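Participant:
Here you go:
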């Protein structure tokens, strides 16, 4: 059993490691670290520790493990499932990586860059651009979301269709293990078959297996020409067919392909910034927003895109379309998409889902889930938007007009069960990019195969036998009891 010492002595030990200024214990100091972005999981930390580098992380973790103190790794604290904030027990130490924000290297020849875990996604994009390269990971919270966090949740964002999510972009990791040792694997190799690919264990593990302190990522040539279009389509099936036609015409140049339902658009227009307007000014039921990008200065994808849109209009798939004539116009179109989450928050209480199904099954999912929700709660407003190119929908709900907030919230679990059941019947996922954390644990245990759950528990016991890292997140504590 780990030794347990005087609390004051333990905190003094942590202060000796990171310096007194970076050990936070007062309520006013820790407030921003102990509540999640949605304010669903307020907690109380024993302390917040802010190490300056991997060596300090190693010593902090070793000290916590030796004294039986749980560790909650935290990046930008933009998570949406309650996986990066402490519980209310005041026993857990929050390990904030915010000071570890360095860009260690950018190599245009290797098309690789190495970043510390506290570096924001936006800072990574800017560092790559300064060297004439593209770091393609892009999401609405990129100004505050950190590299460690996006790896912990295997985040995707808007350009997964062409470049892949965090797992596909990562070449190597540096990880602090549960006993404080450091796994060094920051190489930029594309091919390495020397045994198990250990980095994959930690990507998407939500801080339950180790603390990622740095990572090496793939870089790409930046696009020289981007065609951005906002398209009115008759339904989700037309959107999927349009994606197929675009892909056939321009291949991997389809960089992003987003779907927005009418309810999502209307909420943005009602609560958006001044001057935000519908690009087509109509009452169409669904919109598609896509980017087609080309890295060669000699090629222009615009004629092919216009040909596809013209044929789709003739065939009745597309009702209307606008192609951005400039960078600012393209930015304005994307602003509509990026404001959807904030607009729904301003609209009032909402129920959120982050599901995925095969792209071909998106229309069936929307139809089946929508009909079932209407039967469950007449008048419920479905706010559907997301990354149709990779099958990931943010399938959210706002309350029916006139329904009291409390009544809507009281029926949230029934809505979750319905939506998750439809996704499961279609062999989909209940969490495409946000993770499990605490929010989705019950649904995770219900819909994940028992064999998969057993293997995950075995991995957790093997890599973190004392359950030091993020206890109770993803897998509940009872799943980690010793095997008979």
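Numbering (this note's numbering), first residue to last: -19 to 464. Idealized CB from N, CA, C, for every residue including glycine. None of these values were measured; they are calculated from a predicted model.
Kindly give me the distance between the Cβ atoms of residue 297 and residue 216, rounded to whole angstroms, as I take these residues to be in contact under 8 Å.
Facilitator: Contact doesn't hold; Cβ gap of about 11 Å is too wide.
Participant: Let me confirm a value: residue 96 is counted as buried when at least 16 other C-beta atoms fall within 10 Å, else exposed. Which label applies?
Facilitator: The residue is buried, with at least 16 neighbouring Cβ atoms inside 10 Å.
Participant: Please identify the residue among 165, 17, 321 and 22 whose C-alpha is closest to the C-alpha of residue 7.
Facilitator: Comparing Cα-Cα distances from residue 7 to each of 165, 17, 321 and 22, the minimum goes to 22.
Participant: Would you check if the stretch 281 to 298 and the stretch 197 to 217 touch, i.e. whether three or more CB-CB distances between them fall below 8 Å?
Facilitator: Segments in contact, yes.
Participant: So, helix, strand or coil for residue 450, using DSSP?
Facilitator: The answer is coil: DSSP assigns residue 450 none of H, G, I, E or B.
Participant: Determine the burial state of residue 13: buried for a count of at least 16 other Cβ atoms within 10 Å of its Cβ, exposed for fewer.
Facilitator: Flag for residue 13 reads buried.
Participant: Please state whether the Cβ-Cβ distance between residue 154 and residue 108 is less than 8 Å.
Facilitator: No, the pair does not count as a contact, with Cβ atoms beyond the cut-off.
Participant: To the nearest whole angstrom, what separates the beta carbons of residue 100 and residue 124, a pair I think is in contact under 8 Å?
Facilitator: Sure, about 6 Å apart at Cβ, within 8 Å.
Participant: Just the Cα atoms here: how many angstroms apart are residue 53 and residue 0?
Facilitator: Approximately 19 Å between the Cα atoms of the pair.
Participant: Once the 5 residues before and after residue 102 are set aside, which same chain residues still bring their CB inside 6 Å of it?
Facilitator: Cβ neighbours of residue 102 beyond the five flanking positions: 122 and 123.
Participant: Given a cut-off of 8 Å, decide if residue 49 and residue 18 are closer than it, judged by their beta-carbon atoms.
Facilitator: Not in contact: residue 18 and residue 49 (Cβ atoms no closer than 8 Å).
Participant: Does DSSP classify residue 80 as helix, strand or coil?
Facilitator: The answer is coil: DSSP assigns residue 80 none of H, G, I, E or B.
Participant: Measuring alpha carbon to alpha carbon, tell me which residue in 341, 400, 362 and 80 is nearest residue 320.
Facilitator: Nearest option by C-alpha distance: 362.
Participant: DSSP three-state label for residue 464, please.
Facilitator: Any reading at residue 464 must be qualified, since the residue scores a pLDDT of 47, below 50, and its modelled position is unreliable; the value itself is stated next. DSSP places residue 464 in coil when its eight states are reduced to three.
Participant: Alpha carbons only, please: which of 44, 332 and 454 is nearest the one belonging to residue 160?
Facilitator: Here the closest residue by C-alpha is 44.
Participant: Going by beta carbon distance, what residues of the same chain come within less than 6 Å of residue 414, once the five residues before and after it are set aside?
Facilitator: Taken in chain order, the residues that qualify are 60, 61 and 334.
Participant: Is the stretch 175 to 191 touching the stretch 425 to 441, taking contact as three or more C-beta pairs under 8 Å?
Facilitator: Touching, yes, given that three or more Cβ pairs across the two stretches are closer than 8 Å.
Participant: Can you tell me which of the three DSSP states residue 400 falls into?
Facilitator: Residue state, collapsed to three classes: helix.
Participant: Below 8 Å between beta carbons: does that hold for residue 163 and residue 178?
Facilitator: Cβ distance < 8 Å, so residue 163 and residue 178 count as in contact.
Participant: Among 456, 449, 454 and 457, which residue has its Cα nearest to the Cα of residue 72?
Facilitator: When only C-alpha atoms are compared, the closest one is 449.
Participant: Compute the beta-carbon to beta-carbon distance between residue 77 and residue 98, rounded to the nearest angstrom, for a pair I have assumed lies under 8 Å.
Facilitator: Yes, they are in contact, since the Cβ atoms of residue 77 and residue 98 sit about 4 Å apart, within 8 Å.
Participant: Let's see if you can read the secondary structure: which residues bound the alpha helix (DSSP H) around residue -12?
Facilitator: Residues -13 to -2.
Participant: Run through DSSP, which three-state label would residue 138 get?
Facilitator: Residue 138: coil per DSSP, three-state reduction.
Participant: Would you kindly report the start and end of the unbroken beta strand (DSSP E) that includes residue 301?
Facilitator: Where residue 301 is concerned, the enclosing beta strand (DSSP E) stretches over 298 to 303.
Participant: Check whether the stretch 32 to 39 and the stretch 414 to 433 touch, using three or more Cβ-Cβ pairs below 8 Å as the test.
Facilitator: The stretch 32 to 39 vs the stretch 414 to 433: no contact.
Participant: Would you give the residue range spanned by the beta strand (DSSP E) that residue 364 belongs to?
Facilitator: Note, residue 364: beta strand (DSSP E), 361 to 367.
Participant: For residue 341, which three-state DSSP category applies?
Facilitator: Residue 341: helix per DSSP, three-state reduction.
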